[in-house]
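Heads up, the thing below is written out as structure tokens.
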Amino acid sequence: MIQEFLSSVQSGIKIITGELNGNVELELSNNNFFFTSGLTINDLALYENKLFNEVKLNAQKTDENTISLNANLTGNENNIEIDGKYSSGGEVNSIDLDAIIQRVNLATLQPVVSDQFNKLSGFISGNIRVTGTTETPDVTGLLRFDDVLVNPVMLNAEYSILDEEIEIGNQADCIEQFYHFGC
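Here our numbering is used: position 19 in the sequence shown is 41, and no number is missing along the way.
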């Protein structure tokens, strides 16, 4: 993976592109570092494949242990909102994060994952919640698959997930639900 990354840099391929605008305010108070930021990235692309028309990121550190984050990723039939906080201090670092996935167009990701998938289409929506520590996070939520078609390179066969849901939380339940898909 690192070798692929370095060869991309050496060959002049633009890995990430977009137009970044915004502001960052930094403050040092009582030997503690604080910040507030509001950034927008227009036309975000990965390996020259446009992912989002607009990414808005607001983050702030208003006390010595907590960073709050709000991000909105929209465009190309994608709409994701992420809201949460990261806390460091004490013996463990904690996370409390919610992702509301209104819609993700899997075709947007196709060029990025072309080494793994010959074809990727359809839409995913749902919500994901991540809580707990960074070492052992608790991930829960629900993902809905709408007219999803995948063709893994490894299998070279098309699989469809027409209208299904996966509840995220208990891995055994998730795997059992996956086997009931119309693949």
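Here a beta-carbon is modelled for each residue, glycine too, at the ideal position from N, C-alpha and C.
All values derive from a computational prediction rather than experimental measurement.
What separation, rounded to the nearest whole angstrom, lies between the Cα atoms of residue i and residue j?
i	j	result
residue 149	residue 137	27 Å
residue 118	residue 111	15 Å
residue 194	residue 123	In this prediction, residue 194 has a pLDDT of 46, which is less than 50 and means its spatial position is unreliable; what the coordinates show is noted afterwards. Residue 194 and residue 123: Cα-Cα distance of roughly 23 Å.
residue 49	residue 95	28 Å
residue 121	residue 158	18 Å
residue 35	residue 71	12 Å
residue 37	residue 69	5 Å
residue 179	residue 85	52 Å
residue 41	residue 114	36 Å
residue 91	residue 54	19 Å
residue 132	residue 141	7 Å
Using a Cβ-Cβ cutoff of less than 6 Å, which residues in the same chain neighbour residue i once the five nearest sequence positions on both sides are dropped?
i	result
residue 109	87, 88 and 116
residue 160	153 and 154
residue 129	143
residue 151	120, 162 and 163
residue 182	171
residue 59	46 and 81
residue 104	93 and 121
How would you call residue i, buried or exposed, if buried means at least 16 neighbouring beta carbons within 10 angstroms?
i	result
residue 43	exposed
residue 83	buried
residue 184	exposed
residue 77	buried
Among the options, which one has its Cα closest to the Cα of residue i?
i	options	result
residue 145	40, 64, 39 and 102	102
residue 93	165, 66 and 106	106
residue 39	47, 52, 77 and 67	67
residue 172	157, 95 and 127	127
residue 166	179, 187 and 180	187
residue 125	54, 91 and 100	100
residue 147	53, 63, 57 and 168	168
Flag this pair as yes or no: are the beta carbons of residue i and residue j separated by less than 8 Å?
i	j	result
residue 98	residue 61	no
residue 170	residue 139	no
residue 190	residue 156	no
residue 80	residue 65	no
Got a sec? Which residues, its chain only, sit under 8 Å from residue i by beta carbon, not counting five neighbours each side?
i	result
residue 57	46, 47, 48, 49, 81, 82 and 83
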